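S.K.: Got a structure for you, written out below as structure tokens; questions coming shortly.
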Amino acid sequence: MWLKETLKAVFRNNLYIQADPGYKDLKDAFVVGQSLMNLVEVCLNVITVIMHIGGKAQLTSLLLAFMVNTMTFSKTVLYFLISSGLCGGHNYVSLSDWKKLIFLYIIPNGVWIVLPFLCMVATGRKMLQCMENDETTAKKLKSR
777 MWLKETLKAV FRNNLYIQAD PGYKDLKDAF VVGQSLMNLV EVCLNVITVI MHIGGKAQLT
837 SLLLAFMVNT MTFSKTVLYF LISSGLCGGH NYVSLSDWKK LIFLYIIPNG VWIVLPFLCM
897 VATGRKMLQC MENDETTAKK LKSR
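Numbering (the working numbering), first residue to last: 777 to 920.
Quick look at the structure:
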């Protein structure tokens with residue numbers, strides 16, 4: 777399968793694998809599924825940017841941005857949970873070297889929790905403003 781060969785080539789000498797050996801097992805359905813979801817997220821993000829730059833579908837691009845950031849946030853939180861002792865996955869993460877754990881696992885993955893969350897808050901606020909403005913406009917039209 778081309779995906780497995782590509783993943784093997786990319787991760788052959790990758791430092792990240794030392795901190796997160798879960799990606800070594802290319803027979804693990806979660807690893808393959810997560811990689812495919814990453815591709816879906818990238819495609820949806822490109823579509824969102826194109827729609828936003830085009831300017832014709834601002835509300836749709838806002839909704840799509842909220843949706844994709846929610847996907848990224850949820851998937852990364854799920855991965856943290858699966859890799860933690862809470863779900864019995866502590867064998868996925870190497871805790872022997874704290875420096876590597878912090879700089880190669882916690883910080884890079886934490887970025888994929890914090891930034892999508894901040895984007896969710898920002899896009900969520902804009903969507904609420906749009907809905908409130910729409911309700912105000914509808915009330916004004918009814919009162920006429």
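Just so you know, even glycine gets a beta-carbon here, dropped at the ideal spot from N, CA and C.
All values derive from a computational prediction rather than experimental measurement.
Indicate the three-state DSSP secondary structure (helix, strand or coil) for L862 in the structure shown.
M.R.: Of the three classes helix, strand and coil, the one that applies to L862 here is helix, per DSSP.
S.K.: Along the chain, where does the alpha helix (DSSP H) containing A833 start, and where does it finish?
M.R.: That residue, A833, is in no alpha helix (DSSP H); it is neither H nor E in DSSP.
S.K.: Using C-beta distances below 7 Å, list every residue in its chain close to E817, excluding the 5 sequence neighbours before and after it, in chain order.
M.R.: Same-chain partners within the cutoff: V844, M847 and T848.
S.K.: For the alpha helix (DSSP H) that K876 lies in, which residues bound it at each end?
M.R.: Where K876 is concerned, the enclosing alpha helix (DSSP H) stretches over W874 to L877.
S.K.: Just checking my contact of V869 with L877 at CB under 8 Å: how many whole Å lie between their CB atoms?
M.R.: At roughly 7 Å, the Cβ-Cβ gap stays under 8 Å, so V869 and L877 are in contact.
S.K.: Which whole-angstrom value describes the C-beta separation of F856 and N885, a residue pair presumed to lie in contact below a C-beta threshold of 8 Å?
M.R.: Confirmed, Cβ separation roughly 7 Å.
S.K.: Would you mind giving the Cβ-Cβ distance between S837 and T824, rounded to the nearest angstrom? I have them listed as a contact below 8 Å.
M.R.: That belief holds up - the Cβ atoms of S837 and T824 are roughly 5 Å apart, short of 8 Å.
S.K.: To the nearest angstrom, how far is it from the Cα of M903 to the Cα of A833?
M.R.: Straight-line Cα distance between these residues: approximately 14 Å.
S.K.: Output yes or no for whether 8 Å exceeds the beta carbon distance between A805 and T899.
M.R.: Taking 8 Å as the Cβ cut-off, A805 and T899 do not qualify as a contacting pair.
S.K.: Would DSSP call V869 helix, strand or coil?
M.R.: Here V869 sits in coil by DSSP.
S.K.: Since T852 and I826 should fall inside the 8 Å C-beta cutoff, what is the C-beta to C-beta distance between them, to a whole number of angstroms?
M.R.: Actually they are not in contact, since the Cβ atoms of T852 and I826 sit about 24 Å apart, beyond 8 Å.
S.K.: Taking its Cβ as the centre, do 16 or more other Cβ atoms sit within 10 Å of M907, making it buried, or is it exposed?
M.R.: Exposed, by the Cβ-count rule.
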